[in-house]
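A.B. asks: Structure provided below as structure tokens; questions to follow.
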Amino acid sequence: MQNTAAAQLNSLTVFLEQSQRQTDREMTAKPKFVYEKDDLATIGDVDENEVDRIAECFKGRSLFITGGTGFLGKVLVEKLLRSCGELKHIYLLIRPKKGKDPQERIKDIFQNVLFDQVKQQRGEERILQQVVAIAGDVLLPGLGISEQDLATLREEVSIVYHCAATVRFDEPLRSAVFMNTRGTKYMLELAGSLKQLEFFAYCSTAYCHLHVKTLYEKPYDPPADPHKVMQACEWLSDDEVATIEKKILGDIPNTYAYTKSLAEALVVEKFDELPAVILRPSIVIPIWKEPIPGWTDNINGPTGLLIGAGKGVIRTMYCKSSGYGDFLPVDVAVNGILVASWRNITAGTDTTNRVAHMTSSNDIKVSWAEIIELGRWVIENKVPLNGVAWYPGGSMKSNYWVHYICMILFQWMPALFVDALLWLLRYPPVLCRVQNRIFKGFEVFEYYANNVWNFDNSEAVKLRKLMNNRERKTYVIEKIELDLIDYFTNCVLCARRLILKESDESIPAARRHMKVMWVVDKVYKGIWLFGILYMLYRCLFAT
47 MQNTAAAQLN SLTVFLEQSQ RQTDREMTAK PKFVYEKDDL ATIGDVDENE VDRIAECFKG
107 RSLFITGGTG FLGKVLVEKL LRSCGELKHI YLLIRPKKGK DPQERIKDIF QNVLFDQVKQ
167 QRGEERILQQ VVAIAGDVLL PGLGISEQDL ATLREEVSIV YHCAATVRFD EPLRSAVFMN
227 TRGTKYMLEL AGSLKQLEFF AYCSTAYCHL HVKTLYEKPY DPPADPHKVM QACEWLSDDE
287 VATIEKKILG DIPNTYAYTK SLAEALVVEK FDELPAVILR PSIVIPIWKE PIPGWTDNIN
347 GPTGLLIGAG KGVIRTMYCK SSGYGDFLPV DVAVNGILVA SWRNITAGTD TTNRVAHMTS
407 SNDIKVSWAE IIELGRWVIE NKVPLNGVAW YPGGSMKSNY WVHYICMILF QWMPALFVDA
467 LLWLLRYPPV LCRVQNRIFK GFEVFEYYAN NVWNFDNSEA VKLRKLMNNR ERKTYVIEKI
527 ELDLIDYFTN CVLCARRLIL KESDESIPAA RRHMKVMWVV DKVYKGIWLF GILYMLYRCL
587 FAT
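Numbering (my numbering), first residue to last: 47 to 589.
Here you go:
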């Protein structure tokens with residue numbers, strides 16, 4: 047018996063060692079990402095006599111920004127303070143909160159690690175003198191701004207950035223119209239009253255005219271009259287609008303794209319009266335270079351996909367693997383906004399194109415398959431997550447029904463099983479709620495993942511040619527050497543630290559846990575395969 051037990055123990059040891067070696071082999075096959083490098087930009091040495099004309103353009107000017115507490119808005123404010131620090135004031139529209147002074151909310155925003163570098167560089171006290179909170183709300187007539195603050199804005203502000211929007215794709219239509227469309231109308235009315243106004247930028251999206259497969263840098267007709275839509279939403283209740291929402295949207299898949307296209311039409315109406323432009327960034331993703339590579343404050347887009355897959359709760363996607371999305375790091379988007387602002391302010395909007403794209407797919411295309419492969423490799427090998435529900439795996443499906451069946455078998459059924467165990471142990475169920483959120487997110491994602499759009503970026507190409515070397519290094523908007531492994535590593539690291547609140551000290555333990563889950567995954571699949579083969583054998587050969 048002892049010999050038998052020793053032999054079994056030895057066999058188990060050999061199996062685990064072989065599994066470990068196999069795990070290491072499978073978890074170190076570094077994926078390759080190949081893209082055209084012939085036209086990579088090279089930036090020469092900076093001449094000491096070269097002037098940063100973009101920073102000079104903002105010198106002594108006051109700006110008014112909505113959406114400054116959002117993802118894009120925070121990075122815009124940080125970049126302005128760090129690279130264009132001689133501006134006079136940045137006025138931020140801040141919604142009042144009970145028991146919280148708007149300027150106190152500004153201080154809270156500056157506690158984010160995003161602002162650490164600029165605070166160290168220029169001092170927090172100096173920054174707080176430059177950034178001034180304006181209490182208000184884009185949902186309210188006149189933006190809800192007091193007469194005293196309005197008087198200040200009218201006398202001082204010469205540059206306006208309207209970035210505020212609801213980015214929830216499943217936002218009820220009435221709420222989305224009030225925020226994205228009517229809010230833009232209120233902003234245009236305010237801009238018209240500013241005595242010093244030189245530039246008004248509406249931050250739209252490259253994905254707001256989805257019926258156009260190749261989008262050019264020009265205005266497009268809206269899907270409806272924005273004034274009539276706003277009027278109807280003011281007359282009707284939430285429930286009444288909800289009952290006719292699908293009919294109003296027609297072929298447009300979500301309220302975000304619909305209301306942003308209506309807002310663009312309102313801006314176009316004011317082209318003759320205001321120095322207004324429309325800026326269309328594509329899918330904005332975490333920071334590429336500065337100030338913190340990989341920084342984000344949300345799990346929208348690819349970041350959420352990587353976290354879900356890394357935790358083992360996303361096992362299947364309905365997506366064309368060869369398809370691609372147009373992704374743009376938020377720092378590059380902000381650089382594009384500032385360069386476009388400089389060009390329009392110095393040359394005048396009458397001589398420039400009023401619509402500009404901030405897109406990347408003409409320079410570098412990254413397919414969904416490459417994103418999944420790169421992200422999975424990073425999580426398996428470099429930055430594993432804590433408490434994974436299962437070893438990361440699964441695949442993309444080009445057939446919806448195959449995807450749906452896999453979702454039931456490999457996501458919903460395990461979630462129900464685990465939640466049942468949690469309920470029996472008197473813990474709150476978790477995974478079914480997570481899967482419900484994933485399912486709703488996929489309803490939006492699948493439309494974009496299974497369609498492809500192309501975006502003209504002629505304006506960006508023109509702007510690149512106008513910049514000197516100092517500006518090209520400070521405001522990068524060109525195709526330069528890119529290491530996606532490093533980029534995704536930084537993205538997952540920041541998501542781990544800032545969103546999941548997982549410390550770096552736990553990475554070694556997470557890596558060990560990942561290897562254990564690899565063995566569990568293989569054993570579990572082996573048992574299922576053995577069971578299926580055994581049943582087939584019994585059916586075919588049983589006498």
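No residue lacks a Cβ here, since even glycine has one placed at the ideal position from N, Cα and C.
(1) Please go through the same chain and pick out, in chain order, the residues whose beta-carbon is closer than 6 Å to the beta-carbon of Gln163, but skip the five residues on each side of it.
(2) Apart from the five residues on each side of it in sequence, which residues of its chain come closer than 6 Å, Cβ to Cβ, to Ala355?
(3) If you draw a straight line from the alpha carbon of Pro554 to that of Leu431, how long is it in whole angstroms?
(4) Just how far apart, CA to CA, sit Asp396 and Asp318?
(5) Curious, which full-length beta strand (DSSP E) runs of at least 3 residues does the stretch 347 to 430 contain?
(6) Helix, strand or coil, according to DSSP, for Ser37 in the structure here?
(7) Reducing DSSP to helix, strand and coil, say where Met233 ends up.
(8) Quick check on DSSP: helix, strand or coil for Arg214?
(9) Looking at the unbroken alpha helix (DSSP H) that takes in Pro272, where does it start and where does it end?
(10) How close, in whole Å, do the beta carbons of Trp388 and Cys209 come, if the pair is a contact with beta carbons under 8 Å?
(11) Using the Cα positions of Leu127 and Gly572, report the straight-line distance between them to the nearest angstrom.
(12) Let me confirm a value: Trp414 is counted as buried when at least 16 other C-beta atoms fall within 10 Å, else exposed. Which label applies?
(13) Does the Cβ of Leu575 have 16 or more other Cβ atoms within 10 Å, making it buried, or fewer, making it exposed?
(14) Please report the Cβ distance between Ile140 and Ala197, rounded to the nearest whole angstrom; I am assuming they are in contact, meaning their Cβ atoms lie under 8 Å.
(15) Can you round the beta-carbon distance between Thr251 and Lys306 to whole angstroms, since I take them to be within the 8 Å contact cut?
(16) State whether the stretch 166 to 179 contacts the stretch 142 to 158, with contact taken as three or more CB pairs (one from each stretch) at a distance under 8 Å.
(17) For Val448, report the span of its alpha helix (DSSP H) as first-last.
(18) Measuring alpha carbon to alpha carbon, tell me which residue in Thr392, Ile331, His559 is nearest Trp436.
(19) In angstroms with no decimal places, state the Cα-to-Cα distance between Val412 and Ser406.
(20) Is Phe587 buried or exposed, if buried means 16 or more other CB atoms sit within 10 Å of its CB?
(21) Assuming Ile27 and Gly350 make a contact with CB atoms under 8 Å, what is their CB distance in whole Å?
(22) Quick one: using the 10 Å Cβ neighbour count with 16 as the cut-off for buried, is Ser204 buried or exposed?
(23) Could you tell me whether the Cβ atoms of Pro339 and Ile345 are closer together than 8 Å?
(24) Skipping 5 residues on each side, what residues in its chain have a beta carbon closer than 6 Å to that of Leu468?
(25) Going by beta carbon distance, what residues of the same chain come within less than 8 Å of Val275, once the five residues before and after it are set aside?
(26) Per DSSP, which residues does Lys143 bridge with? Please list them.
(27) Can you list, in chain order, the residues of its chain whose CB lies under 7 Å from that of Ala556, leaving out five sequence neighbours each side?
(28) Within the continuous beta strand (DSSP E) that includes Cys249, where are the two ends?
(29) If you measure between the beta carbons of Leu325 and Tyr248, is that distance less than 8 Å?
(30) Quick one: Cα of Gly421 to Cα of Ser367, how far?
(31) If you draw a straight line from the C-alpha of Val323 to the C-alpha of His255, how long is it?
(32) Compare the Cα-Cα distances from Pro148 to each of Val385, Gln277, Ile191 and report the closest residue.
(33) Per DSSP, which one or two residues make a beta bridge with Arg327?
(34) Considering only the alpha carbon of each residue, which of Glu124, Lys105, Gly106 lies closest to Gly114?
(35) Following the continuous alpha helix (DSSP H) through Met442, name the residue where it begins and the one where it ends.
(36) Would you report the Cα separation of Asp284 and Met453, rounded to the nearest angstrom?
C.D. replies: Looking at the atomic coordinates:
(1) Around Gln163, the same chain offers Pro337 as residues with beta carbons nearer than 6 Å, after the five sequence neighbours per side are excluded.
(2) Contacts found: Pro438.
(3) Between Pro554 and Leu431, the alpha-carbon positions lie close to 10 Å from each other.
(4) Between Asp396 and Asp318, the C-alpha separation is close to 9 Å.
(5) Fully enclosed beta strand (DSSP E) runs of 3 or longer: 362 to 364, 373 to 375, 401 to 404.
(6) In the structure as shown, the chain begins at 47 and stops at 589. Residue 37 is therefore absent and cannot be evaluated.
(7) If DSSP states are grouped into helix, strand and coil, Met233 belongs with the helices.
(8) In the structure shown, Arg214 sits in coil (DSSP, three-state: anything other than H, G, I, E or B).
(9) The continuous alpha helix (DSSP H) containing Pro272 extends over residues 272 to 281.
(10) At roughly 18 Å, the Cβ-Cβ gap does not stay under 8 Å, so Trp388 and Cys209 are not in contact.
(11) If you draw a straight line from the Cα of Leu127 to the Cα of Gly572, it is about 57 Å long.
(12) Here Trp414 is buried: its Cβ has 16 or more other Cβ atoms, across all protein chains shown, within 10 Å.
(13) Exposed.
(14) Incorrect: roughly 18 Å between the Cβ atoms, too far for contact.
(15) Thr251 to Lys306, Cβ: 5 Å. Contact.
(16) Judged by Cβ distances under 8 Å, the stretch 166 to 179 makes contact with the stretch 142 to 158, as three or more pairs qualify.
(17) Unbroken alpha helix (DSSP H) run through Val448: 446 to 453.
(18) The shortest C-alpha separation from Trp436 is found at His559.
(19) Val412 and Ser406: Cα-Cα distance of roughly 10 Å.
(20) By the neighbour-count rule (16 or more Cβ atoms within 10 Å), Phe587 is not buried but exposed.
(21) Outside the displayed range of the chain (47 to 589) lies residue 27, so it cannot be described from this structure.
(22) Label assigned to Ser204: buried.
(23) In this structure, Pro339 sits away from Ile345, with a CB-CB distance that is not shorter than 8 Å.
(24) These residues qualify, in order along the chain: Pro475.
(25) If the five residues before and after Val275 are omitted, its C-beta is found closer than 8 Å to the C-beta atoms of Val223, Thr227, Ile294, Leu308, all from its own chain and listed in chain order.
(26) Residue pairing for Lys143: DSSP places it in a beta bridge opposite Lys146.
(27) Excluding residues within five positions, the ones whose Cβ falls inside 7 Å are Pro430, Leu431, Asn432.
(28) 245 to 249 is the extent of the beta strand (DSSP E) around Cys249.
(29) Yes. Within cutoff.
(30) The alpha-carbon separation between Gly421 and Ser367 amounts to approximately 14 Å.
(31) Per the coordinates, the alpha-carbon of Val323 lies some 17 Å from the alpha-carbon of His255.
(32) Minimum Cα distance to Pro148 is reached at Ile191.
(33) Reading off the sequence shown, one finds Pro at residue 327, where the question assumed Arg. Pro327 is bridged by DSSP to Met404.
(34) Measuring from the Cα of Gly114, the nearest candidate turns out to be Glu124.
(35) Where Met442 is concerned, there is no enclosing alpha helix (DSSP H), although the beta strand (DSSP E) it sits in stretches over 441 to 443.
(36) Linking Asp284 to Met453 through their CA atoms gives a straight-line distance of about 33 Å.
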